[in-house]
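Trainee: So that we are looking at the same thing, I have put the structure below in structure tokens.
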Amino acid sequence: VLGHTALPTGLEQSLTAQILHTYETRLFPSAESIEVKRAFIEKFATILTIEFPNWEIDIHVFGSSVNGLGTSRSDVDICLTTGHRELENVFVLSKALRKYGMRTYCVPHARVPIVKAWDSELRIASDINVNNTIALHNTRMIQTFVAIDARVRPFVMAIKHWSKCRELNDAAFGGTLSPYAWVNLAINFLQTRQPPILPVIHPPASSLSAKDSMHGSELNLTFNDDIDQLRGFGLANIESLGYLLYAFFRTYAFEFDYRHQVVSLRHGCFLTKEQKGWDTGRPSRIFCIEEPFSTWLNLGHSANTTSVEGIRQEFQRAFIILRDGGSYDEVCETY
Ligand code: 3AT
Ligand code: MG
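Each residue of the sequence shown is one higher than the one before, starting from 67 at the first, in the UniProt record's numbering.
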């Protein structure tokens, strides 16, 4: 009963306008913030040349400051590549940054060890890893999706913003989902519209099973990144941003089968937990979102049964507010 009511045309148009207004006035990064990020990267590069004068170190910026989904307040995600593996010890980099007044915090034992740095002069935060290049590929993948259809950027940013306002985007400490996991849900949703707004850009898989893909051959990092060919793919679909957001909440409030399904951007559909060998009842496999390249990783691993129930209630809350004519601002009300 709750699930299938359409949004009246007036509400849909008004919601679309509200999303675009928030996007243009609060989410789209300001020119100053882009300049601050540029200045930070320049300063960071200078520090590296002074502190490690004879080492060849390349700086790659990834994540939301380059994938088109960042706000003025987003941090700068940096990956350093170097043959000097001493630098993979995050404390070495941390010590160097501290000499220049940056506050740092090391996370050495994570799957991807990082230094978290805060530059109090430029007032900007940065996460830095060394020689972990995998995220450079998914950043390029997101850039590709963003370039295909004009709705992608405001739609995904509207979801990221809502998840942040409702405190649903803290995988490390909140037991919810990372911003990257939310981006995967949003893109997969646009792939599963009828007709689709976004295409599948990864090559067809030989095996879906998590076990096989992990122990199989090399990680397949290729995908179709021919933006000129892909642009305009979604034009046969004329759904508005307002409708899409409403339908997104409805899908995850009432339609997605959390017990059995897996969100897969790689395949542009929902897989089953059984297909992936994820039907083991493990507490890290309640909400299943397949990482598009490292397909054995569940991006929803941080959410347990209780937090998935909480996230689901948030989807229902958002859906009900919109169905009853409430605004996007109301949906994003902070605690
Ligand atoms: P903010 O705008 O900073 O909130 P973001 O899009 O930069 O969000 P994250 O901070 O979650 O996203 O992560 C930064 C990038 O790191 C995004 C993605 O390229 C990569 N990344 C994050 N989590 C994973 C993961 N589990 N596997 C692979 N890549 C990841
Ligand atoms: Mg980031």
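By construction, the Cβ of each residue, glycine as well, lies at the ideal position given by its N, Cα and C atoms.
Could you tell me whether the Cβ atoms of Ser244 and Phe106 are closer together than 8 Å?
Mentor: Position 178 of the sequence shown, counted from the start, is the residue given in the question as residue 244. Position 40 of the sequence shown, counted from the start, is the residue given in the question as residue 106. In this structure, Phe106 does not lie closer than 8 Å to Ser244 by Cβ.
Trainee: Say the cut is 7 Å; is the CB of Ser130 nearer than that to a heavy atom of ligand 2?
Mentor: Looking up residue 130 in the sequence shown gives position 64. The answer is yes for Ser130.
Trainee: Are the beta-carbon atoms of Asn370 and Arg351 separated by less than 8 Å?
Mentor: Here residue 370 refers to the residue found at position 304 of the sequence shown. Here residue 351 refers to the residue found at position 285 of the sequence shown. Not a contact, by the Cβ cut-off of 8 Å.
Trainee: Measure how close the beta-carbons of Ser354 and Val329 come, nearest whole angstrom, since I'm counting them as under 8 Å.
Mentor: Within the sequence shown, residue 354 is the residue found at index 288, counting from 1. Within the sequence shown, residue 329 is the residue found at index 263, counting from 1. Note that residue 354 is Cys in the sequence shown, not Ser. Correct: roughly 7 Å between the Cβ atoms.
Trainee: Find the nearest neighbour of Ile267 within the set Leu296, Tyr246, Pro261 and Thr242, judged by alpha-carbon distance.
Mentor: Sequence index remark: in the sequence shown, residue 267 carries index 201 (1-based). When each option's Cα is compared against that of Ile267, the closest is Leu296.
Trainee: Which residues mark the beginning and the end of the alpha helix (DSSP H) in which Ile180 is found?
Mentor: Position 114 of the sequence shown, counted from the first residue, corresponds to residue 180. Careful: Ile180 lies outside any alpha helix (DSSP H), inside the beta strand (DSSP E) at Ile180 to Asp185.
Trainee: Suppose you measure from the CA of Arg169 to the CA of Ala183; what does that come to, to the nearest Å?
Mentor: The residue labelled residue 169 in the question sits at position 103 within the sequence shown. The residue labelled residue 183 in the question sits at position 117 within the sequence shown. Computed Cα separation, rounded: 6 Å.
Trainee: What does the alpha-carbon distance come out to for the pair Cys145 and Arg92?
Mentor: On the sequence shown, residue 145 is found 79 positions in, with the first residue counted as 1. On the sequence shown, residue 92 is found 26 positions in, with the first residue counted as 1. Distance between the alpha carbons of Cys145 and Arg92: 28 Å.
Trainee: Mapping the DSSP letters down to three states, classify Gly146 as helix, strand or coil.
Mentor: To locate residue 146, count along the sequence shown from 1; it is residue 80. Residue 146 is actually Leu in this sequence, not Gly. Note: Leu146 maps to strand in three-state DSSP.
Trainee: Grouping DSSP H, G and I as helix and E and B as strand, with all else coil, what is Thr170?
Mentor: On the sequence shown, position 104 is the one that residue 170 refers to. Strand.
Trainee: What's the gap between the Cα of Val178 and the Cα of Asn195?
Mentor: As a position in the sequence shown, residue 178 is number 112, starting the count at 1. As a position in the sequence shown, residue 195 is number 129, starting the count at 1. Straight-line spacing of the CA atoms in Val178 and Asn195 works out to 7 Å.
Trainee: With a 10 Å radius around its C-beta and 16 neighbouring C-beta atoms as the bar for buried, classify residue 38 as buried or exposed.
Mentor: In the structure as shown, the chain starts at 67 and stops at 401, and residue 38 therefore has no counterpart that could be examined.
Trainee: Note down, in chain order, each residue of its chain lying with its Cβ closer than 7 Å to the Cβ of Ile263, except the 5 sequence neighbours on either side.
Mentor: Residue 263 sits at position 197 when you count from the first residue of the sequence shown. Hits under 7 Å: Asp215, Arg217, Leu256, Gly300 and Asn303.
Trainee: Can you name the residues that DSSP bridges to Val158?
Mentor: Translated into positions along the sequence shown, residue 158 becomes position 92. Val158 is not bridged to any residue.
Trainee: Taking the alpha-carbon positions, what's the Ile200 to Asn155 distance?
Mentor: Along the sequence shown, one-based indexing puts residue 200 at 134. Along the sequence shown, one-based indexing puts residue 155 at 89. So the alpha carbons of these two residues sit roughly 18 Å apart.
Trainee: Taking DSSP's pairing of strands, which residues face Ser131 in a bridge?
Mentor: The count along the sequence shown starts at 1 and reaches residue 131 at position 65. Answer is none; Ser131 lacks a bridge partner.
Trainee: Which value, in whole angstroms, describes the spacing of the CA atoms of Ser306 and Glu98?
Mentor: By one-based count along the sequence shown, residue 306 stands at place 240. By one-based count along the sequence shown, residue 98 stands at place 32. For Ser306 and Glu98, the distance between alpha carbons rounds to 30 Å.
Trainee: Alpha carbon to alpha carbon, how far is Ser80 from Gly308?
Mentor: Along the sequence shown, one-based indexing puts residue 80 at 14. Along the sequence shown, one-based indexing puts residue 308 at 242. Distance between the alpha carbons of Ser80 and Gly308 is about 8 Å.
Trainee: Looking at the unbroken beta strand (DSSP E) that takes in Gln260, where does it start and where does it end?
Mentor: Counting from one through the sequence shown, the residue named residue 260 turns up at place 194. That residue, Gln260, is in no beta strand (DSSP E); it is neither H nor E in DSSP.
Trainee: Using a Cβ-Cβ cutoff of less than 7 Å, which residues in the same chain neighbour Gly240 once the five nearest sequence positions on both sides are dropped?
Mentor: Looking up residue 240 in the sequence shown gives position 174. The residues Glu233, in chain order, have a CB closer than 7 Å to that of Gly240 in the same chain once the five nearest residues on each side in sequence are set aside.
Trainee: How is Phe106 classed by DSSP in three states: helix, strand or coil?
Mentor: For the purposes of this step, residue 106 is identified with residue 40 of the sequence shown, where counting begins at 1. Reduced to three states, the DSSP call for Phe106 is helix.
Trainee: Just the Cα atoms here: how many angstroms apart are Val67 and Ala238?
Mentor: Your numbering for residue 67 matches position 1 in the sequence shown. Your numbering for residue 238 matches position 172 in the sequence shown. Residue confidence is low: Val67 scores 45 on pLDDT, short of 50, so the model does not pin down where it sits. Its coordinate-derived value is still stated next. C-alpha separation (whole angstroms): 36 Å.
Trainee: Can you tell me where the alpha helix (DSSP H) with Thr338 in it begins and where it stops?
Mentor: If you number the sequence shown from 1, residue 338 lands on position 272. From DSSP, Thr338 is part of no alpha helix (DSSP H) but of the beta strand (DSSP E) over Cys335 to Thr338.
Trainee: Express the C-alpha separation of Arg316 and Tyr213 in angstroms, rounding to a whole number.
Mentor: Along the sequence shown, read from residue 1 onward, the residue named residue 213 stands at position 147. Along the sequence shown, read from residue 1 onward, the residue named residue 316 stands at position 250. In the sequence under discussion, the amino acid at residue 213 is Ala, which differs from the Tyr named in the question. Their Cα atoms are separated by approximately 26 Å.
Trainee: Report the option in His227, Leu287, Thr210 and Ala313 whose CA atom is closest to the CA atom of Pro265.
Mentor: Taking the sequence shown and counting its residues from 1, one reaches residue 265 at position 199. Pro265 has its Cα closest to that of Thr210, out of His227, Leu287, Thr210 and Ala313.
Trainee: How many Å lie between Ser186 and Leu388 at the Cα?
Mentor: Position 120 of the sequence shown, counted from the start, is the residue given in the question as residue 186. Position 322 of the sequence shown, counted from the start, is the residue given in the question as residue 388. For Ser186 and Leu388, the distance between alpha carbons rounds to 40 Å.
Trainee: Would you say the beta carbon of Asp143 comes nearer than 7 Å to a heavy atom of ligand 2?
Mentor: Here residue 143 refers to the residue found at position 77 of the sequence shown. Checking the Cβ of Asp143 against ligand 2 gives yes.
Trainee: Is DSSP giving His126 helix, strand or coil here?
Mentor: Looking up residue 126 in the sequence shown gives position 60. Strand, per DSSP.
Trainee: In chain order, what residues of the same chain lie with their CB nearer than 8 Å to the CB of Leu188, ignoring the 5 residues before and after it?
Mentor: Mapped onto the sequence shown, residue 188 falls at position 122. Same-chain partners within the cutoff: Val102, Ala105, Phe106 and Lys109.
Trainee: Which residues does DSSP pair with Asn195 in a beta bridge?
Mentor: What you label residue 195 is simply residue 129 of the sequence shown in a count that begins at 1. Per DSSP, Cys145.
Trainee: Rank Pro269, Asp141, His367 and Thr88 by C-alpha distance to the C-alpha of Val397 and give the top, closest one.
Mentor: The sequence position of residue 397 within the sequence shown is 331, counting from 1. The residue with the shortest Cα to Cα distance from Val397 is Thr88.
Trainee: Excluding the 5 residues preceding and the 5 following Gly167 in the sequence, name in chain order all residues of the same chain whose CB lies nearer than 7 Å to its CB.
Mentor: Within the sequence shown, the letter at position 101 stands for residue 167. Correct list, in chain order: Ser186 and Glu187.
Trainee: If Thr288 sits next to Arg332, beta carbons under 8 Å apart, how far is it from one beta carbon to the other, in whole angstroms?
Mentor: The residue you call residue 288 lines up with position 222 of the sequence shown. The residue you call residue 332 lines up with position 266 of the sequence shown. Going by Cβ atoms, the distance from Thr288 to Arg332 rounds to 12 Å, so no, they are not a contact pair.
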